[in-house]
Amino acid sequence: MLPENKYKFLAAEVKKRSGLVLRPEKGYLIESRLAPLARTEGLAGPEAVVDAMMRGDQRLCAAASEALATHETFFFRDKTPFDLFTEIMMPALRTARSTRPLKIWCAAASTGQEPYSLAMLIRETGGLSASILATDMCAHVLEKAKTGLYSQFEVQRGLAIQRLVKHFEQSGDSWRVKPELREMIRFEPGNLLDDFSRYGQQDIIFCRNVLIYFDVDAKAKILDRLAALLAPDGYLVLGAAETVVGLTDTLKPVAGQRGLYVRADAAQKPARPASVVAA
Amino acid sequence: MKTCLVVDDSRVIRKVARKIVEDLGFACEEAPDGKAALDQCRKSMPDAILLDWNMPMMNGLDFLVTLRAEQQGKRPVVVFCTTENDMAHITQALRAGADEYVMKPFDGDIIGSKFAEAGLV
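If you're matching them up, the sequences are chains A and B in order.
Going left to right, the first sequence walks through residues 23 to 301 as the numbering used here numbers them.
Going left to right, the second sequence walks through residues 49 to 169 as the numbering used here numbers them.
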């Protein structure tokens, strides 16, 4: 365990850099995430990492903040958001975006499984062009995402075998996402605490399982800025444990669709678009 | 209770796989090769089959082709589970009628994920 003053320094530094709130009950994270960093840096252990940070080692401060963020993800994680994407979002926006590509932003893209999953669905549906922006505050996970290279273990979690065959190429012991999917996605480092208005208006924003790490104030501000970037008929997708309720008036949940939000000033939409059109 | 037949010539793999499929809520039967598995299926068709490729007597692919040609043989969901982890083997298995494909080594998460993809859990 870290002494109180060092824990406080680490928590403040990490919050300043990434917004991540280190909760005392998650103290085990410090040990499990900083120990590998200490090893690669040739330091004695987690406490030595914090000592170096306190001496002003900026590079180590950034590395520790990245190490403490959670990157765990897999293809089609939680399934429901991807069903909503196929059944609600794509049909609803298909006509309105027939003249320009659909703009999608994955705001916590981690190692890339989420944007690649969306790219697979777009490709499988056909007839829709899309450009996906994938950002994460952590540069080294984005590097992995950009390569589109996944281990045998990673491609077996959440990914049906037919999709592996269809969308991947074997590369030694690993599997690489095919170029036509990689070309749909632009990877860029980005911190949700910073101004992200330069990304421009987005039709769909996936921002899942990241707000849970922020405090209430930061959550509210980020949600307001996400709403400002969302097209009037666009959609925001949050993680299953996240909500806008009580945090902002700029967004509202879509009734009956867990994790799906629209702008508060959006026109009322049917819960499901009519799938049959009378000829 | 749904039933799962684990077909593998390794007693250790069968034991590990049995624990995993039982945790997923299946009653588990075992067979050490394709021929024994076929005999078992003809007696009582399982809901799911976790199938190794390389085995003595009859290999997994020959078993699958024979099974799918039989009266009730289209019913079970067949999940290959093998060290053959290249695209050529995978596509060959899918063409022969496999529903899912696990590349060894595996763990409970992978089997759970693949059973979910195949609509078993």
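All C-beta atoms in this analysis are idealised placements derived from N, C-alpha and C, irrespective of residue type, glycine included.
Just so it is clear, the structure is predicted and the values come from calculations on it, not from any experiment.
Legend entry - residue 111 of chain B and residue 85 of chain B closer than 8 Å at C-beta: yes
Legend entry - chain A contact residues for residue 151 of chain B, given Cβ-Cβ distances below 8 Å: 174, 178
Legend entry - Neighbourhood of residue 116 of chain A by C-beta distance below 7 Å, restricted to the same chain and skipping five residues each side: 150
Legend entry - Under 8 Å between C-beta atoms of residue 109 of chain B and residue 141 of chain B: yes
Inset, instruction - Starting from the beta carbon of residue 157 of chain B, find every residue of chain A whose beta carbon is closer than 7 Å, and list them in chain order. - result: For residue 157 of chain B, the residues of chain A that pass the 7 Å Cβ criterion are 179, in the order they occur in the chain.
Inset, instruction - Give a yes or no on whether 8 Å exceeds the smallest Cβ distance from residue 100 of chain B to chain A. - result: no
Inset, instruction - Give a yes or no on whether 8 Å exceeds the smallest Cβ distance from residue 139 of chain B to chain A. - result: yes
Legend entry - Three-state secondary structure (DSSP) of residue 276 of chain A: Three-state result, residue 276 of chain A: coil.
Inset, instruction - At 8 Å on the CB atoms, spell out the chain A contacts of residue 162 of chain B, in chain order. - result: Within 8 Å Cβ-Cβ: 178, 183.
Legend entry - beta strand (DSSP E) segments (min. 3 residues) lying fully within the stretch 120-149 of chain B: 125-130
Inset, instruction - Look at the Cβ atom of residue 88 of chain A, then the Cβ atom of residue 162 of chain A, and state whether they are nearer than 8 Å. - result: Remark: C-beta atoms of residue 88 of chain A and residue 162 of chain A approach each other more closely than 8 Å.
Inset, instruction - Closer than 7 Å by beta-carbon distance: list the chain A residues that pair up with residue 134 of chain B, in chain order. - result: Simply 192.
Legend entry - Coil, strand or helix - residue 192 of chain A by DSSP: strand
Inset, instruction - Determine the DSSP secondary structure at residue 37 of chain B, reduced to helix, strand or coil. - result: Because residue 37 of chain B is not part of the residues shown, which for chain B are 49 to 169, the question remains open.
Legend entry - Of the listed residues B:120, B:119, B:96, nearest to residue 168 of chain B (C-alpha basis): Across the set B:120, B:119, B:96, the C-alpha of B:96 shows the shortest separation from the C-alpha of residue 168 of chain B.
Inset, instruction - For chain A, find out if any of its Cβ atoms is closer than 8 Å to the Cβ of residue 142 of chain B; answer yes or no. - result: Yes, because at least one Cβ of chain A sits closer than 8 Å to the Cβ of residue 142 of chain B.
Inset, instruction - If I'm right that residue 286 of chain A touches residue 271 of chain A with Cβ under 8 Å, what's the distance once you round it to whole angstroms? - result: 6 Å
Legend entry - Interface flag, residue 187 of chain A vs chain B, CB-CB below 8 Å: yes
Inset, instruction - Could you list which residues in chain A have their beta carbon closer than 7 Å to that of residue 148 of chain B, in chain order? - result: 183
Inset, instruction - Could you give the DSSP three-state label for residue 164 of chain B: helix, strand or coil? - result: helix
Inset, instruction - Compare the Cα-Cα distances from residue 129 of chain A to each of A:160, A:111, A:120 and report the closest residue. - result: A:160
Inset, instruction - Express the C-alpha separation of residue 165 of chain B and residue 143 of chain A in angstroms, rounding to a whole number. - result: 15 Å
Inset, instruction - Please report the Cβ distance between residue 86 of chain A and residue 76 of chain A, rounded to the nearest whole angstrom; I am assuming they are in contact, meaning their Cβ atoms lie under 8 Å. - result: Contact doesn't hold; Cβ gap of about 11 Å is too wide.
Legend entry - Neighbourhood of residue 23 of chain A by C-beta distance below 7 Å, restricted to the same chain and skipping five residues each side: 49
Inset, instruction - Examine the Cβ distances between the stretch 182-197 of chain A and the stretch 129-139 of chain B and report whether three or more of them are shorter than 8 Å. - result: yes
Legend entry - Which of helix, strand or coil DSSP assigns to residue 31 of chain A: helix
Legend entry - Cβ distance (whole Å) where residue 204 of chain A is taken to contact residue 170 of chain A below 8 Å: Contact flag correct, Cβ pair sits at about 5 Å.
Legend entry - Exposed unless 16 or more other CB atoms sit within 10 angstroms - verdict on residue 79 of chain B: buried
Inset, instruction - Output the distance between the C-alpha atoms of residue 252 of chain A and residue 160 of chain B, rounded to the nearest integer angstrom. - result: 36 Å
Inset, instruction - Indicate whether at least one CB of chain A lies closer than 8 Å to the CB of residue 78 of chain B. - result: When Cβ-Cβ separations below 8 Å define contact, residue 78 of chain B makes no contact with chain A.
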